[in-house]
Amino acid sequence: MGNVGLLFVGAVLFINGLLLLGKVDARSGAVFNLFVGALQVLTPTYLIFTANGDPMKILAASGIYLFGFTYLYVGIGLLAGLDSSGVGYYSLFVAVVALGYSFVNFRLFKDYPFGVIWLYWAYLWFLFFLLLGLKKDDLRIYTGWVTAIEGWVTGVIPAGLLLSGYWKHPTEIAIALAVFGVVVFAGLWPRTHRRPRPTSAAPPAGGVGAPT
807 MGNVGLLFVG AVLFINGLLL LGKVDARSGA VFNLFVGALQ VLTPTYLIFT ANGDPMKILA
867 ASGIYLFGFT YLYVGIGLLA GLDSSGVGYY SLFVAVVALG YSFVNFRLFK DYPFGVIWLY
927 WAYLWFLFFL LLGLKKDDLR IYTGWVTAIE GWVTGVIPAG LLLSGYWKHP TEIAIALAVF
987 GVVVFAGLWP RTHRRPRPTS AAPPAGGVGA PT
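Taking the numbering used here, I'd label the letters of the sequence shown as residues 807 to 1018.
Below is the structure:
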């Protein structure tokens, strides 16, 4: 069940990336966020109730709530026209906690690919904090591309491999993921980052200054 949820995490990240890039309408994207958010709350609840008190299974399932509440928050916020600062600061919380889940996957579960994938997610949610919490709109295009790419690299492709039984050679996968993330996301930066437009210190003589 968790792998099916991962597949739809990839789908909603892809949709949200396109939303940030202006390719998807905000209200239609909001509906899909609600669908996946509900799934990502029901899934860990089921997994925890059926874990028979196993602390490792409960720990593994608990991180899914971070995604579920993000998507519900985003979906409701878009439909209601709420300010994005709440989602932004919640994203900071998720980014910090994701570092902990990365450590858990590396150290306790010995699941090196998902140790790297949690680092991907920590980076992405930190970008959401900068964009939505601190209102750094010059990061919108970069964050949109990172979000869409992570939808495939951390969601759709791993879920497909896990569901079909082809998730093998974990050490090599972890190394490949780490190299891909550094190379691609560093390469995207100069191509997609928009510098803030400078604002004049004073309005032109004889005119009235207006925000740009």
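Every residue gets a Cβ at the ideal spot worked out from N, C-alpha and C, and that includes glycine. In this text the structure is predicted, and so the values were computed from the model without any measurement.
Count the other CB atoms, across all protein chains shown, that sit within 10 Å of the CB of residue i; report buried if there are 16 or more and exposed otherwise.
i: A982; result: exposed
i: V815; result: buried
i: L940; result: exposed
i: H999; result: exposed
i: G859; result: exposed
i: V988; result: exposed
i: G887; result: exposed
i: T1018; result: Note that T1018 scores 27 on pLDDT, short of 50, meaning its location in the model is unreliable; the coordinates nonetheless yield the value given after this. Exposed, since its Cβ has fewer than 16 Cβ neighbours within 10 Å.
i: Y907; result: buried
i: W995; result: exposed
i: V837; result: exposed
i: G874; result: buried
i: G961; result: buried
Would you mind working out which of the options sits nearest residue i, comparing C-alpha positions?
i: Y929; options: V910, V952 and Y895; result: V952
i: P861; options: V910, L826 and V837; result: V910
i: L925; options: V902, A866, N858 and L938; result: V902
i: V985; options: S970, V959, R997 and L945; result: V959
i: L827; options: G950, A886 and T856; result: G950
i: A992; options: L848, V880, Y948 and F932; result: Y948
i: H975; options: A904, K942 and K916; result: K916
i: R913; options: A866, G887, G971 and L885; result: A866
i: S868; options: T876, I854 and F875; result: I854
i: T777; options: F875, Y918 and D889; result: For residue 777 there is no data in the structure shown, the boundaries of the chain being 807 and 1018.
i: A892; options: T876, L905, F841 and A904; result: The identity of residue 892 in the sequence shown is Gly, whereas the question assumes Ala. The option with the nearest alpha carbon to G892 is T876.
i: D943; options: A904, V837 and G894; result: G894
i: V880; options: A832, A965 and I963; result: A832
i: L905; options: W927, L885, A817 and S890; result: W927
Look at residue i and residue j and say whether their C-beta atoms are less than 7 Å apart.
i: A954; j: G835; result: no
i: Q846; j: G811; result: yes
i: L825; j: E956; result: no
i: L968; j: N809; result: yes
i: S897; j: F920; result: no
i: A980; j: V922; result: yes
i: I870; j: P850; result: yes
i: L878; j: G843; result: yes
i: L945; j: L938; result: no
Less than 7 Å between CB atoms is the rule here; does residue i satisfy it with respect to chain B?
i: L812; result: In the structure shown, chain B does not exist; there is a single protein chain.
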